[in-house]
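Each residue of the sequence shown is one higher than the last, beginning at 44 in our numbering.
We put the CB at the ideal spot given by N, CA and C, even for glycine.
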Amino acid sequence: MSSDNLDSTAEAADESSSPSRVDENTPLLRASSSRCGIPREDEGAHNDATGTHRTKKAPHYPYVIILVFLLSFVADVGGSLVDTPEIQLLEMAVCRYYYRQHDPRVIGEPPLSYIDERLCKRNEIQAELAYVRALKSLLMTIPGMAFTIPYDLLADKIGRKPVLFLGMLGQVLAYLWVLVTCYFH
């Protein structure tokens, strides 16, 4: 390789790293001697036209991490607030089913058909409730596994926000299913 080729290659590399010209030869990551890729004060970008010296701003990674943990915390608290009444509804449905077969006298008047909560604490009823809750948890994981790849492809086509809405709609429909099942059981 001649020195002319080396000089033209170096000039092309300098031109490709300028912020105004971006093409297929532009490097994705710029060279930096700092550990995290943020230039030090003495390494800032130099603008030849104006002679000004500018530095890059620090990334917002800590804020993003805090936001993700905060959203996760809020979602978990919301989920746990829904769990208590859901367990109560499922227990009442299982209890009604049990006493319809064993002692229909303890079931209250329709349409609510309440049963004293102390009567629902029998081992047979609690075992059936645990089975129903485990089955419900299993059935709720199947859509997550089945729709991961199709939602990924859909997000590439129509965007992330509509796909996030579809995911939240699925959660709402799952809770409505529990309410409807317990109401009509």
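For T224, the enclosing alpha helix (DSSP H) has its first and last residue at R203 to F227.
Here V149 is near D159, since their CB atoms are less than 9 Å apart.
Going by C-alpha positions, P147 is about 39 Å away from D119. The beta carbons of E171 and Y142 sit no closer together than 9 Å. Take I201, set aside five residues on each side of it, and no residue of its chain has a beta-carbon closer than 7 Å to its own.
By the Cβ-count criterion, I108 is exposed, with fewer than 16 other Cβ atoms from all chains shown falling within 10 Å of its own Cβ. R148 sits in a helix when the DSSP states are folded into three classes. Taken in chain order, the whole beta strand (DSSP E) runs of length 3 or more contained in the stretch 103-171 number zero. By the beta-carbon neighbour count (other beta carbons within 10 angstroms, threshold 16), M188 is exposed. For E129 and M183, the gap between their C-alpha atoms comes out near 14 Å.
When DSSP states are grouped into helix, strand and coil, R64 belongs to the coil group. CA-to-CA, the gap between I168 and S180 works out to about 18 Å. Residue state for T69 is assigned as coil, using DSSP reduced to three classes.
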